[in-house]
Every structure is written in C-alpha cells, then in structure tokens.
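Novice: Okay, here's the structure, questions in a sec.
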Amino acid sequence: MSLLRLQNVEKYYGSRSSLTKAVDDISFNVEKGEFTAIMGASGSGKTTLLNCISTIDRVTAGHIMLEDTDITKLKGKELNKFRRDKLGFIFQDFNLMDTLTAYENIALALSIQKRPAKEIDKAVKTVAEQLGITEVLNKYPYEMSGGQKQRVASARAIVTSPKLVLADEPTGALDSKSSKMLLERFNYLNHECGATIIMVTHDSFTASYASRVLFIKDGKVFNEINRGGDSRKQFFDKIINVVTLLGGDVSDAL
Amino acid sequence: MLFKISLSNIRKSLKDYAIYFFTLVLGVAVFYVFNAIETQTSFLKVNEDQREMIKVLTTSISAVSVFIAVVLGLLIVYASRFLMKRRNKEFALYMMLGMSKWRISALLLCETVIIGIGSLFVGLLIGVGLSQVMSAVVANLFEADMNAYKFTVSGSAITKTIIYFGIMYAVVMLRSGFVISKCRLITLMNSGRRSEKITMKNLWVCVIVFLISAAALGWAYYSVGWNAEHLSLRKFGLAIIVGCVATFFIFWSVAGMLLRVMMSAKGIYHHGLNSFTFRQLSSKVNTTVASMTVICLMLFVTICTLSTAFTIRNSMNQGVEENYPVDFYVQFAESADDPEKPWLYKGGNIDDVYAQQNESIYDEFSEYLHFHDYIDDDFTFYDFMGDKRDEFLENNNEIYSRFNFTETIIKLSDYNALMKLYGREQIELADDEYAVCANALGFTDIYTEFLKDKPEAVIYGKSLKPKFTKCIETSIYPGMQANNAGVFIVPDNAVSENGQCFDNFVGNYNATDKKGVEEAEKTARAKWENAAHWYMSDAKGGTNYIMSTRIETVNSAIGIGAIVTFLGLYIGFIFLVSCGAILALKELSESADSLPRYTMLRKLGVDEKDISKSIFRQSGIFFLLPLLLACLHAYVGMRFGKFGLELLITGDYIKPVLFTAALVVLIYGGYFLLTFLGSKAVTREQK
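Line by line, the protein sequences give chains A and B. The working numbering applies: residue 1 is where the first sequence begins, and numbers increase by one. The working numbering applies: residue 1001 is where the second sequence begins, and numbers increase by one.
Structure representation (structure tokens):
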C-alpha cells in the first residue's frame, strides 16, 4: 500500500458568485521512500495542494490518506499531534525562530513531542552532522547564511523521523550554490535515511533532483514523469521539455 | 478626509488601542470621582467638625491631583510614544505617497482628539456613576444621613478633569507633531525590519552585578528596616537612591541570568515550549529593564501607601473606642513659674476657673471624677531604672527612651474611681506598695520588663515595693490613641500635695438619648470656653489646658482615617493602573510582533493548550517579577513605617496588608488577565 494517497482532492476558494478552484480533482499516490517534486506556475494550485496535505488547510472534497489515517477527518488535538509526529516542514522563508539558536530550533521539534533531554541532544547532533551544520549549531538565524538557515530548517523537519517531509519552495530564497548543496542533502536524506519527501517548486533545476515530478496546471495534474534510470542531467532535459509543452503560462516562472 | 482616515486607523488598531483607551477611561473616571467628593458630600447633614474634615480631605485631594496628573501625563506620553513607534511603517507609506509631514501631524492630531474626547466622555460618564457610590461611602464613613441625597454632577470636577486631561493630550499632540517633523523616511521604512539581535550578556558580569546590587540592596534594607534608630536624613536619602539603583541592576542582571540558569537545566529547558517561552521572556525583560524598575518602585510606593493608610484608619477607629471611655475631658494646670524649667506646669484647680464666672463644671454630668495627678522631681524615668539604666539605653534606641521625664503619679483612690468610671478592674495596694499602668506602644513592655525584678521606687522620699510583676495595661487620660506612657499608682498617703501637677476632670453627660448628649455637649463646651477665656485673660502667668470630648475625638479620628484612606486609595489606584497599563501595552505589542512565531509553532503541530500555557507563563512572569521585588521592598518599607509611626499606629498589620493585597490582585491582576487574554487573541489572528 502506498504511504500517501490522494483521492479526488478539491479545494475551492471564494463565494458562490466567484469561485476559484485552486485544486480541482487531484488524485495520486506517493510511495514510501519516494522523492516527489510538484511543479507548476504561480497560481497553479501547487502550494494549496501542499497545504492540504500538510493539514494547514482543509480540503473542500476528497480524501488524503497517510498510511491508514484519513487526515482530512482529523480535528483539533489529533491534527496537532499528527503534524508534530508524522510530518516535517520546510518553508521558502525558513521560518526559524529568530530568538532561538540553531540547536534550539532543531531541538524544539523534539521537545514539543515531550522527548527526554538526553535523547534530544543525541538526535540533534546526529542530524546536524548529516546536514553539515554542526559548526553553526550555537548561532542565531541572523548570524547564518540563507543556505545554512535552510539546512537548519531541514534538520528541524527530519529530526523527528517523520513519515513525510513537505518542502515548499525550499530553494526559493537561496542562491544557486546553496540550492545545489541543499538539494544534495535532500538526496542524501532520501537515499541514506529513507525519508519520503514531497517538494513544491517552480524551478526545473530543483525539480530535477527528485525521482518523480508532477506537473500541475489550473488545479489539475497535467503530466507526470519518472526519473527511472536517467541521470540528473537527462531528467532535467525531460522536465524542460514538459515545461515547454506547458506553454507560455509557465515560461515566465522559469 | 483626514477625519475618515483617522477614524479608520483607530478602528484598525483597536486591539493596540483598547488597553490604552481602557486605561485613559479609568484614569478620567478616578480623577473625576475623587475631585467630585466636595460636591458629592455637600448635601450631607454633618456637623461642623466633620464639615471641616471633609474640607481638609478635598483640599488634600486637590493637591494630590496635581501629582496624579503628572503621573497620568507621563503614562499617556509613554503609551502614545509606544503606539506611535508601532506605526512607523504606516507613516512611511503616507510619506511615500506624498503626504506632507504637516498632514501626517494633522492626522495624528485628529486621532488624539478623537481618542481624547472619547475617553473623556466615557470616563466622565463612568465617573459620574461611580461618584454616586462615593457619596454613600463618605456618608457611611461620617455616619451622616443620606435622606437628602440626590443625583449630583459636579461641574467643577468635570471642568477640572477636562482641563487636566486636555493639557495632557495637548502635550501628547505637540510631542507627536515634533517627532513626525523630525523623522526621516529611510529610518521609518527600516524600522520594521528590526534586526533580531540577541544580546547575550556575559554570565559572570551578570552574576557579579547581581551580587553587588543584592549586597547594596541588603545594606539599604538593613539601614532602613533594621537599623532605623541610627538613620540620619542623609543616610536615609542615600539608602533610597541605592535602593533604586540596585533595583535597576537587579532587573538588568536577572534578565541576563534568568535564561542562562534555565538553559543549564537542560531537562527543563528542552521540555515542551520552555526554550521558546524563556527566550521570549528574556528578550522582553532585557528590553524593559528601565520600565520594570519604575514599575517596581511604583508598586512599592503603592503597597506601602495603601497598607499604611489602612493601618492608620483601623487604629484610628479602634483607638477611640478603647482610649476615650468618657464623654468629656479637661486637663488644666498653671505654669510653675520656674525659670529653669519653663515648660513645667504645676498646680491649679479647674473649679477656680469656673468659679470666676460663677459657673460649675459639674452641672451637665451624671458621673464624673475630678482628680489631680502628681510628680516628684526626684522620681524620673531614669531614677526608676536605677543601675539598669545603661543596659536599658544600650538595648533600646527608640526616641522616647532618650527622654528622662518625671514620672506621673496618681493616688490609688483616684485610680480606682477612674477605673470604676471606665468600667475596668480596680486594684488594692498595701501602704508600702505601688503599681504601674501604661498602654502606649512599647511602654507596657518596658515597665513589665523592669517590674520583673521587683525594683523599689523611692517616691517623695518613701520607698515602695511593686505589687505586681506586670504593668497594668490601661489608659488614664482620654485620647484618640493609646497615649499612656506610664503612670505610677501609689497609696493615697504616699503623695505630697506639693507635687500636684495637672488637675483633671473626666465625666459622662447626664443625658441618655442622642439629642440630650448633643445638647449637654454644647452646654459643657460653651461653659468651659467661656470660663477658660476669662480665666486665661486674667491669669498672671501662663496656663496650660486640654479640653476634648468624645464626639469631637471620634469625628476627628474618623476624619483622619477617611482622609488617609481616600488619599491612599487615590494614589494607589492610579499607580496600579499605570503599572498595569505599561506592562500590558508592552506585552500585547510583543505578542503582536511574535505572531509569525506562533503561526510557526502551530504549523509544527503545537497544541493550543501548550501555546496558551506558554503565553500565560510569559505574561505571568513578566507581571510577577516587578511585583515580587516590590513586595520585598514594601516589607522593609513597612518595617520602617512601623518604626516611624510607632506612636500613631496600633493594632495589627494583617488586615490592612490583606486589603492591600486584594486591591493589588484586583487591579494589577486584572490587567494581567486582560493582557493574557489579549495576547492569546492577538496570536490567534489569521488562520
């Protein structure tokens, strides 16, 4: 059985007179250990979709199943528990606590699960090593570069060993070098640690690190390609082809 | 147009303004209520003494109002400055859109006027309502009759409130206009992008500063609270300054240490939201050290003022009942004409005073006692102590122990008659025995201490033994307070008539109903005043006399109690409101600024319960810190107050302190609650 199953998910905004279908009948599955990228132009509904998966937003219709749980049915406390135990988040603007050090930011994810302090220390140090941020652990966000911040945010997302890591434009605010470094870390997490990652992006280069890319246009799945045995470069060219196919709509986002 | 923008601005930032507006309304209402007391009480049927007391009350309230206005003015300036800072971005937008600084100033002016008029209107409305309650309170205090009551609105108080607050608002307007005219677009634009620089103070510097300030505070505490006898005015001033400065540095260092200490306890720090909570808290405390100091000192003044006021009031009311057991009292003596001791009065008879006008003092009284007290120049306080004097002086530094006064002596028969009149226990003495009575604070203990050793007393050359090993606790001369600083009771034949000092008369009117008593009082007073007047003008040397009545004493006791209570409440209320408002404003705006952090926490899946707990702790500790130190200050302050007001205050401290605590909890706690709920609402905005 797939780890994540989306069944006819719909999300409408607005009133009866002016209805916007941000997500219009989307269904797909994500297997355990998969690294999925969701691509689309701005306004295509990709972030809304991610928000629905992450339970930050509620779906209008349809079901989202993570393992055996229908997360669209969760409420209040269950929702919070689900979010902190099963999910890891990475945001475009990092969303780190500016009052906390890197260490404390990562530890926060564990401490809100009420884990014992000893365990927290060990887990934070391990994940910091995996992401290469050991030397910035005692720094505050304002003392770090964008790439470091995003890696700290990633560390916070995976330190709890979530079932699913959700990344919303993680490279959006990074320069190309930092982006590359971050994405390589994602690959490492995906391959070595077995993390299941769903990443929303409008950047083909970023998407080429994934093992599978879903294209979304006007709230619907437009296309889907798998990397298979391709090298990253070949996969990148394939993505570019689809993007071209998508037409002028998306070219401005490239 | 301007008006429209202002109005929508206010509506938009209602959350920020709500607590400010609330505080203004409270300030206006309280200001009105206290200043309207004069008008509110004018209908009350009270006697002349009481009317006089009410006049003193209103005059002192007027005087204190100026001070209150200054405090409120500072609060309003602080609050408006604070609210303006939060709107820098908005001003930057106006300026970028091409609005001139004049227009922006005019906009602010408009807003201030709207808020000012609004708060004055609502405040006065509430004030007028509350002042009706105040009438009842005053009437109750003076036991006056409320029949003539009618709904009153004090025009003068309204005018005064409007003028005072008008001036405050005008200052605010001028200030904000000035600030706007000075500011530059670039600084305004960048102000929102405040760099969240976390300044971690050096732990050791903090510890050292803390230890030094704690030691300094300890010294100040000791010299004021425990060593007050040796306190000179200069040292007192120094102690106050040291106390204030130490308070500041204690907050400064605690802000630095608090986090470090918490961080070192990893198990606690990395539990739930603790790390987040303490970080938030420490950054808050770090940026508010100065305001915290001011708040702490204001709370300190409030607690001291309130509890002292309540204590004085209580002891006033209790004192009269116990210490004025008769209706009428006259004490009279003529000058001893001793060039060496010009203060000494000796001898004389009240009957002579009345006789000159062919009057008699006895007519109005059903029961009375006319008696002399005596002194023996060779029997003084120190004589009584004998060889224990040095030891006593070493252990007792109270002011009164420094005076070697001649002891007062009365005859046993007079004492027993007096006790019969007072309804108290009589005593028996053998021919060679004496007893001591006292009730002024401290004196009972002192005499009891000496009597334990059964010292002989040589009075008029005759040696007497003590009958009891304890000092009898009773008053002799009627007064408002316990004022008996020691009277020796000796057998009738042990006194020498040459030693006659004061002639005393105490008595109860021969009337049973209230009206009769009032009538008798009027006659007795008039008679005495008439007789004394003629006698004094004829007397060759000086004379000394005291005339008092129970009614008059009760009234002045109530009056003094009421004045002190009202002033205490007035100052205390305004101070508490100011403290609460400053903290609330600060905390609420911090919470608004922290909105993204809370949104983040929610995204991470933190339960609402935990977030609410974190906010509760943040605002709780924020409010509690200055209060804790203030309580410590106040404890020492009251120790000092107890020393300074020793002769004025009797009775226990517990009730007044509880009452004060209740008031603090009500107002300060109320602000805390508002802040907590407000913060929760602010951080919940936007889903």
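Where a beta carbon is used, it is the ideal one built from N, C-alpha and C, also for glycine.
Kindly list the residues whose CB is nearer than 7 Å to the CB of residue 109 of chain A, restricted to its own chain and excluding five residues on each side of it in sequence; keep chain order.
Specialist: 156, 159, 160
Novice: Are there 16 or more other CB atoms within 10 angstroms of the CB of residue 116 of chain A, so buried, or fewer, so exposed?
Specialist: exposed
Novice: Please name the residue in B/1346, B/1054, B/1509, B/1445 whose C-alpha comes closest to that of residue 1337 of chain B.
Specialist: B/1346
Novice: If we define contact as Cβ-Cβ less than 8 Å, is residue 1181 of chain B a contact residue for chain A?
Specialist: no
Novice: When the Cα atoms are used, what is the spatial distance from residue 61 of chain A to residue 77 of chain A?
Specialist: 22 Å
Novice: Secondary structure at residue 124 of chain A, three-state DSSP: helix, strand or coil?
Specialist: helix
Novice: Listing by chain order, which chain B residues have their CB less than 8 Å from the CB of residue 244 of chain A?
Specialist: Ordered by position in chain B, no residue passes the 8 Å Cβ test against residue 244 of chain A, which lies about 35 Å from the chain.
Novice: Going by DSSP in three states, residue 1368 of chain B sits in which element: helix, strand or coil?
Specialist: Under the three-state reduction of DSSP, residue 1368 of chain B is assigned to strand.
Novice: Smallest Cα separation from residue 1590 of chain B: which of B/1082, B/1348, B/1021, B/1064?
Specialist: B/1082
Novice: At what residue ranges does the region 1186-1272 of chain B contain a whole run of the alpha helix (DSSP H), taking only runs of 4 or more?
Specialist: Segments of the alpha helix (DSSP H) lying fully in the region 1186-1272 of chain B: 1203-1221, 1233-1264, 1266-1269.
Novice: What residues from chain B crowd round residue 120 of chain A, counting only those whose CB sits closer than 7 Å?
Specialist: Here the neighbours are 1270.
Novice: Going by C-alpha to C-alpha distance, which of B/1334, B/1478, B/1170, B/1278 sits closest to residue 1320 of chain B?
Specialist: B/1478
Novice: Is the CB-CB distance between residue 1071 of chain B and residue 1574 of chain B below 8 Å?
Specialist: yes
Novice: Less than 6 Å between C-beta atoms, sequence neighbours within five positions excluded: which residues of the same chain meet that for residue 1373 of chain B?
Specialist: Closer than 6 Å at the Cβ level, and outside the excluded window around residue 1373 of chain B, lie 1408, 1410, 1501, 1502.
Novice: Is there a Cβ of chain A sitting closer than 8 Å to that of residue 1606 of chain B, yes or no?
Specialist: A Cβ of chain A is located within less than 8 Å of the beta carbon of residue 1606 of chain B.
Novice: What residues in its chain sit with their C-beta under 6 Å from that of residue 1550 of chain B, if we drop five residues either side in the sequence?
Specialist: 1324, 1327
Novice: For residue 1380 of chain B, which option in B/1391, B/1488, B/1164, B/1277 has the closest C-alpha, if you only look at C-alpha atoms?
Specialist: For the options B/1391, B/1488, B/1164, B/1277, the alpha carbon positioned closest to that of residue 1380 of chain B is the one of B/1488.
Novice: Have a look at A/242, A/201, A/239, A/104 and flag the residue whose alpha-carbon is nearest the alpha-carbon of residue 139 of chain A.
Specialist: A/104
Novice: Below 8 Å CB to CB, which residues in the same chain sit around residue 1307 of chain B once its five sequence neighbours on both sides are set aside?
Specialist: 1634, 1638, 1653, 1656, 1657, 1659, 1660
Novice: Using a Cβ-Cβ cutoff of less than 6 Å, which residues in the same chain neighbour residue 136 of chain A once the five nearest sequence positions on both sides are dropped?
Specialist: 102, 144, 148
Novice: Spell out the partners DSSP gives residue 1331 of chain B in its beta bridges.
Specialist: B/1504, B/1546
Novice: Give the interface partners of residue 97 of chain A over in chain B, defined as CB-CB distance under 8 Å, in chain order.
Specialist: 1276, 1279, 1597, 1600
Novice: Between the Cα of residue 1108 of chain B and those of B/1147, B/1005, B/1054, spot the shortest distance and give me the residue it belongs to.
Specialist: B/1005
Novice: Can you name the start and end residues of the beta strand (DSSP E) that residue 88 of chain A belongs to?
Specialist: Note, residue 88 of chain A: beta strand (DSSP E), 87-90.
Novice: When the Cα of residue 80 of chain A is compared with those of B/1600, B/1681, B/1671, B/1673, which residue comes out closest?
Specialist: B/1600
Novice: Counting only beta-carbon separations shorter than 8 Å, does residue 1284 of chain B have a partner in chain A?
Specialist: no
Novice: Once the 5 residues before and after residue 1630 of chain B are set aside, which same chain residues still bring their CB inside 7 Å of it?
Specialist: 1296, 1299, 1300, 1303
Novice: Consult DSSP for residue 1437 of chain B and reduce its assignment to one of helix, strand or coil.
Specialist: Taken through DSSP and simplified to helix, strand or coil, residue 1437 of chain B comes out as strand.
Novice: Check the Cβ of residue 1273 of chain B against every Cβ in chain A and list those closer than 9 Å, keeping chain order.
Specialist: 108, 111, 112
Novice: Looking at the strands, I want to know which residues DSSP matches up with residue 63 of chain A.
Specialist: A/7
Novice: Restricting to runs no shorter than 4 residues, where is the alpha helix (DSSP H) found entirely within the region 1061-1131 of chain B?
Specialist: 1088-1096
Novice: Residue ranges of each beta strand (DSSP E) run of no fewer than 3 residues wholly in the region 97-168 of chain A, ordered along the chain?
Specialist: 164-168
Novice: Rounded to a whole number of angstroms, what is the C-alpha to C-alpha distance between residue 1241 of chain B and residue 96 of chain A?
Specialist: 44 Å
Novice: For the alpha helix (DSSP H) containing residue 1445 of chain B, name the first residue and the last one.
Specialist: 1443-1451
Novice: Are the CB atoms of residue 107 of chain A and residue 120 of chain A nearer to each other than 8 Å?
Specialist: yes
Novice: Pull up the distance between the alpha-carbon of residue 4 of chain A and that of residue 87 of chain A, whole angstroms please.
Specialist: 12 Å
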